[in-house]
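Below is one structure, written out as structure tokens; the observations come after it.
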Amino acid sequence: MTKYRSTYQRISRRELYSPRSVAAITLAILVIFACLWLMIEIVLNLLGQPGLLAAPADMAGAVAGVSSEPPVFVGGLGLTGALIGLLLLVVAVTPGRRSRHLLETERTATIVDNEVIASALAREAARVAELAPDNARVTVTPRSATVHLTPTSGTAIDQQAVLTAVREQIDAFGLLRSLHAKVVVVSTGRVGG
Amino acid sequence: MNSTNRILNRIFVFLVGLLVLTGGVTLALVALIPLVRDSWTNATRVGIDRATRLLQATPLPESLGPVNGSWLWLIALAAGAVLSAALVTFSLRQGHGQTGRLVTLNEQTSSGAVDIEAKVAEHAIQEALTIRPELVAFHVSTYRVKNQSALKVAITCRRGISPREASQIVNEVLFSFDNLLGLQLPALVQIGGGFRARTTKATRIR
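Residue numbers (the working numbering), protein chains in the order written: chain A, 9 to 201; chain B, 403 to 608.
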């Protein structure tokens, strides 16, 4: 990672955080349609034709008439708008970390989906706990990995051994931001699990 | 890895959000506070009056036949067209940045330069990865990052494969390709799960 340090930093950062393209493109399409509609209304108005939905004069009248509409309706509309606006501001400002992790390597910038980490840990946990692979479920967040184990009814699981194995695995992965491991054994077992 | 302008995306979302928030808050204030409601009624009446007078004072020439009204509408149309065009360009510019050229060598010499196409790297690396049973799928592409070609190797592992193992497999291939090429290009390895990984069996390899 030494030769192209800044390139790798740029690539890693861009892979780890959302570009917010979906939000931006969706909004752009909505604005484009609104623009086209307004333009059609203006052209129809210039030609002296009735508007599609409302002529410009009607629109102005509607905006002015807002104050005489029932306050509950207008207030509700306003609050909904305010909430949507606030949500968009949050989308624009928050980092939007994707569910991925960086892996330490010398030659490349390596990025791993949480899903892959989870499935590797689940396999290891199931092997150590002597369970079928489907009875180990792992959730990976930016900081932690939680292993949920469903034991076979009537048998005990060596939680400590599973925890140690999972921790070793996480260390072996060499994640740039290490994960805090947790093991949860579900209290209801499964017959023949 | 692509050349999407993320700052622009965020600025655009922020501006639209600010606009919607302002509109919503205004509506809510008009509905809930009587004082604001009265001033809203006055302000809109004055505004509409003024706009009507302005539109009447700027008529289009008579010769245009069925078209009549203010020429200010034409300016509004032009503004709308420009805004739409800008937003279409903005949307279509997302996600580009792939390149067809890997490197150009010997540019300074008089004997001619050597272009190596990105396909060389893509095919060579993909060919080397096909024999690995750990991988369900892979795709190699080349992007232009910081004025230089960078390889992106996206792989989908079989369920339960350690990401370290997967990364080592790709690293080995990349090192051999470096030897083949005679120089080292920056590379991104993306290890993904995805639908194909979920539907394949967690078979034991080795």
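Idealized CB from N, CA, C, for every residue including glycine.
Bear in mind the structure is a predicted one, so any value in this text is a computation, not a measurement.
Quick one, are the C-beta atoms of residue i and residue j less than 8 Å apart?
| i | j | result |
| --- | --- | --- |
| Leu590 (chain B) | Ile125 (chain A) | no |
| Asp121 (chain A) | Gly595 (chain B) | yes |
| Arg108 (chain A) | Leu24 (chain A) | yes |
| Ala430 (chain B) | Gly93 (chain A) | no |
| Ile165 (chain A) | Val146 (chain A) | no |
| Ala72 (chain A) | Arg455 (chain B) | no |
| Leu35 (chain A) | Val415 (chain B) | yes |
| Val39 (chain A) | Leu437 (chain B) | no |
| Leu63 (chain A) | Glu49 (chain A) | According to the sequence shown, residue 63 (chain A) is Ala rather than Leu. Cβ distance < 8 Å, so Ala63 (chain A) and Glu49 (chain A) count as in contact. |
| Ser75 (chain A) | Arg439 (chain B) | yes |
State the Cα-Cα distance for the pair residue i and residue j, rounded to the nearest angstrom.
| i | j | result |
| --- | --- | --- |
| Leu60 (chain A) | Ala70 (chain A) | 15 Å |
| Leu479 (chain B) | Thr491 (chain B) | 18 Å |
| Cys43 (chain A) | Leu462 (chain B) | 23 Å |
| Ala7 (chain A) | Val51 (chain A) | Since the first residue shown for chain A is 9 and the last is 201, residue 7 (chain A) is missing from the structure and cannot be characterised. |
| Thr88 (chain A) | Ser405 (chain B) | 35 Å |
| Glu529 (chain B) | Ser512 (chain B) | 35 Å |
| Ala100 (chain A) | Arg412 (chain B) | 5 Å |
| Pro58 (chain A) | Pro468 (chain B) | 14 Å |
| Leu583 (chain B) | Thr506 (chain B) | 12 Å |
| Leu553 (chain B) | Ile19 (chain A) | 11 Å |
| Leu184 (chain A) | Tyr16 (chain A) | 13 Å |
| Arg608 (chain B) | Ala153 (chain A) | Note that Arg608 (chain B) scores 48 on pLDDT, short of 50, meaning its location in the model is unreliable; the coordinates nonetheless yield the value given after this. Spanning the two alpha carbons is a distance of roughly 27 Å. |
Going by C-alpha to C-alpha distance, which of the options sits closest to residue i?
| i | options | result |
| --- | --- | --- |
| Phe41 (chain A) | B:Leu476, B:Ala433 and B:Gly482 | B:Gly482 |
| Arg198 (chain A) | A:Trp45, A:Ala144 and A:Leu111 | A:Ala144 |
| Gly425 (chain B) | A:Ala137, A:Val82, A:Arg151 and A:Gly104 | A:Val82 |
| Gly104 (chain A) | B:Val432, B:Arg452 and B:Arg408 | B:Arg408 |
| Ala189 (chain A) | A:Ala65, A:Ser76, A:Pro150 and A:Glu49 | A:Pro150 |
| Thr163 (chain A) | A:Leu184, A:Ala137, A:Val148 and A:Thr172 | A:Ala137 |
| Asp66 (chain A) | B:Asn573, B:Ser465 and B:Ile450 | B:Ile450 |
| Leu110 (chain A) | A:Ser26, A:Lys11 and A:Gly182 | A:Gly182 |
| Glu132 (chain A) | A:Pro78, A:Glu176 and A:Leu95 | A:Glu176 |
Looking only at its chain, what residues have a beta carbon closer than 7 Å to the beta carbon of residue i, apart from the 5 residues adjacent to it on each side?
| i | result |
| --- | --- |
| Val522 (chain B) | Leu504 |
| His156 (chain A) | Arg145, Val192 and Val194 |
For residue i, which residues from the same chain have a beta carbon less than 6 Å from its beta carbon, with the 5 sequence-adjacent residues on both sides left out?
| i | result |
| --- | --- |
| His525 (chain B) | none |
| Trp442 (chain B) | Val432 |
Among residues of its own chain, excluding the 5 on either side of residue i, which ones have a beta-carbon nearer than 8 Å to its beta-carbon?
| i | result |
| --- | --- |
| His609 (chain B) | Here chain B covers residues 403 to 608 and nothing more, so residue 609 (chain B) does not appear. |
| Val547 (chain B) | Met403, Gly499 and Pro588 |
| Glu509 (chain B) | Ala515 |
Could you give the C-beta distance for residue i and residue j, rounded to a whole number, given that I count them as a contact under 8 Å?
| i | j | result |
| --- | --- | --- |
| Ile593 (chain B) | Ser569 (chain B) | 7 Å |
| Ala128 (chain A) | Ser564 (chain B) | 5 Å |
| Arg560 (chain B) | Glu536 (chain B) | 6 Å |
| Arg566 (chain B) | Ala130 (chain A) | Between Ala130 (chain A) and Arg566 (chain B) the Cβ distance is about 16 Å, and since that is not below 8 Å, they are no contact. |
| Phe579 (chain B) | Ile527 (chain B) | 6 Å |
Closer than 7 Å, Cβ to Cβ, to anything on chain E: give me those residues from the stretch 104-120 of chain A, in chain order. Although the question refers to chain E, the structure presented lacks it and instead comprises the protein chains A and B.
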